[in-house]
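The structure under discussion appears below in the form of structure tokens.
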Amino acid sequence: MPGVPSSRGCESCRKSKKKCDQRQPCSRCIRMELPCEGGGKQRYQFKSVRVIPKVKEQVRWNLNSISQAPCNQLATRFIRTLDISDIRFDISFYGLFLKDIPRRLGESAVLDAAAQALVSSHPLLHPLRNKEVPRDALVLFGKSLRALRECLDNPVEVRSPHTLCAVYLISICQAWLGKYEEQSASHGTAIAHLLRIVDIPRYKSGFERDLIVTLSVPVILDGICNPRVQMAPSFWDNVMALIQEGSATAPDGIPRPTTTLLSLSKFPKYLHHPHAHFPEIAKTYIKLREDAQNIYPYLDQLTEPAGLSSPVLGQRSRHRAAYTVITALALLLNTILRALDSENVMLAQESTFFCERIINEAKLASSYRPLGAAYVVPCLVVALGTAEDPQQRARIEATLTDYQTDFQGFEWRELATWLRAVFQSHRTREPLISRNLEDIFAFEVQGACMTQLQAIFGLCLYSNCNKIKPL
């Protein structure tokens, strides 16, 4: 073998370069009287070899040629919309869980389509923009509806929180676009159906928890208008299990509402069956009245900064929103109690006072329209449906007419008229609503406008995921 020595002679013979007979010891070593070592052994010769690696051609990537994934582009646009801090256009009023949507994009086709429609429609809120809806926004809205229809046919996807979130985003987008159909089904009814079939005990993340709490309020308020929209007691048990109870007083020292979702869920039966729940209604009314009285002195002392993007202004406006919503809920129960006790002068005076407060708060919030004052509309509807003084009622109607231009497509006066008829039925003890579900006289709120305003209405009470003491 090349490079391998063939000699097996002893060391002495090899050094002298003499032939060795390979005996032990060999004859030469005996004759020369030399030590005979290493005879018969195979020897190896090791050589240093320098390996020169073959230079491979480097692959150069043109990073500019890599296109960004569509879901990343959408997430970027959604984050930019979330970053808008101007109180008039701040979409955080629709729920704190919106901030978790960008990281979920790309996981659900219907959520992606709904988010795309939302960010495309948001610029339409600006009062200086042309009121004509761009074709692109309508196309994206149509795509979101098609994606939703396909999702609702999927038995797995229909139970996903992403589907529930998409329905909410689509209802918001529809309200902004002003696209309503007189015969369209109530969004509250659709949301109630989805809430019934989702597995709420499995929901553990903040996104899912806040989503459920946010959408529970439109279901409750829809149930006030439509007794067919009712949730089982087990649903409210599961929802309350999601909610952490904590202190009712915030670090800023301003008291918080003490009305829980469970308490609010009883309002539909208070309105439709007041005689059976009179003591409970009176107790809840007193608590709401105390909440309003505790919060109002702090609001009077607040000096609001001039900047519409100020975080302090956003926080303070939410306090005023909570006060206005509490006042509207108290006014609703006040009118029920007056219907059952028409001789109570104190209740009549408090009703006038509450209506006046709602008018004043509507004027103060007007500069924060549309989103920063969206909670005002449901409060004005309650005031219009309960006010007794003709002059006061005319002022409420004028204010509501002005606010109605923000979200067109629904006649709020019709809802106020319906409320007034319900209260009158309790006074005369001639029920408008029959126990036979097929013969119910119910006011079903059509379209999406009411759904998004109901959600904002509720978030004024539960903006911190209802970390409050129970009523």
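All the letters of the sequence shown, read from the start, carry residue numbers 1 to 471 under UniProt numbering.
Here a beta-carbon is modelled for each residue, glycine too, at the ideal position from N, C-alpha and C.
Predicted, not measured: the structure shown is a model, and the values here were computed from it.
So, is residue i buried or exposed, given that buried needs 16 or more other C-beta atoms within 10 angstroms?
| i | result |
| --- | --- |
| H272 | buried |
| N360 | exposed |
| T284 | buried |
| R80 | exposed |
| Q116 | buried |
| R31 | exposed |
| I197 | exposed |
| S12 | buried |
| Q24 | exposed |
| N436 | With a pLDDT of 40 at N436, under the threshold of 50, the modelled position of that residue is not reliable, and the figure given next carries that caveat. Exposed. |
| T428 | exposed |
| K19 | exposed |
| H126 | exposed |
| S265 | buried |
| A365 | buried |
| D237 | exposed |
| C208 | Looking at the sequence itself, residue 208 is Glu, so the reference to Cys does not match. Buried: at least 16 other Cβ atoms inside 10 Å. |
| G40 | exposed |
| Q174 | buried |
| A232 | exposed |
| V213 | buried |
| G142 | exposed |
| D21 | exposed |
| V312 | exposed |
| P279 | exposed |
| V139 | exposed |
| P35 | exposed |
| R318 | buried |
Rank the options by C-alpha distance to the C-alpha of residue i and give the top, closest one.
| i | options | result |
| --- | --- | --- |
| D199 | V239, L111, I172 | V239 |
| C379 | K15, K99, L221, P311 | L221 |
| M136 | D210, L177, S92 | Per the sequence shown, the amino acid found at residue 136 is Asp instead of Met. Of the candidates D210, L177, S92, the one whose C-alpha sits nearest the C-alpha of D136 is L177. |
| A339 | G206, V422, T327, V325 | V422 |
| N334 | S309, L364, I286, Q315 | I286 |
| F97 | R28, V377, R369, H162 | H162 |
| S171 | E280, A398, S121, P311 | S121 |
| I336 | H277, D210, E150 | H277 |
| L215 | T401, G95, G9 | G95 |
| A321 | N344, S310, S342, A292 | A292 |
| H193 | Y368, Q230, L419 | Q230 |
| S234 | G223, P201, G307, E208 | P201 |
| E37 | G9, A113, R209 | G9 |
| V156 | L384, S108, P268 | S108 |
| F78 | I87, S92, R88 | S92 |
| P102 | P123, N72, F89 | N72 |
| S144 | S160, Y375, V133, Y168 | Y168 |
| residue 472 | L148, T386, A398 | Because residue 472 is not part of the residues shown, which for the chain are 1 to 471, the question remains open. |
| A328 | L299, P297, V381 | V381 |
| Y298 | Y323, P311, E280, L308 | Y323 |
| R316 | E350, S342, A373 | A373 |
| C223 | Y203, T260, S205, Y270 | Inspection of the sequence shows that residue 223 is occupied by Gly rather than by Cys. Minimum Cα distance to G223 is reached at Y270. |
| A282 | S310, N344, H319 | N344 |
| V377 | A398, R14, F267 | A398 |
| P274 | S425, G106, V133 | S425 |
Which residue comes first and which comes last in the alpha helix (DSSP H) that contains residue i?
| i | result |
| --- | --- |
| Q392 | 390-403 |
| S309 | First-last for S309: undefined, no H or E at that position. |
| E11 | 11-16 |
| A232 | Premise fails: A232 is in no alpha helix (DSSP H) and is neither H nor E. |
| E356 | 345-365 |
| L140 | 135-152 |
| Y270 | 267-272 |
| I212 | 206-225 |
| V382 | 376-386 |
| P161 | 161-177 |
| D112 | 109-121 |
| S425 | 412-428 |
| I30 | 27-32 |
| L371 | Neither: L371 is in no alpha helix (DSSP H) and is coded neither H nor E. |
| S263 | 261-264 |
Tell me, to the nearest whole angstrom, how far the beta carbon of residue i is from that of residue j; I am working on the premise that it is less than 8 Å.
| i | j | result |
| --- | --- | --- |
| C165 | L111 | 6 Å |
| P218 | I191 | 6 Å |
| L384 | R413 | 7 Å |
| Q392 | T352 | 7 Å |
| R88 | L371 | 6 Å |
| L74 | K99 | Not quite, the Cβ-Cβ distance comes to about 15 Å (not below 8 Å), so this is no contact. |
| C225 | L415 | 7 Å |
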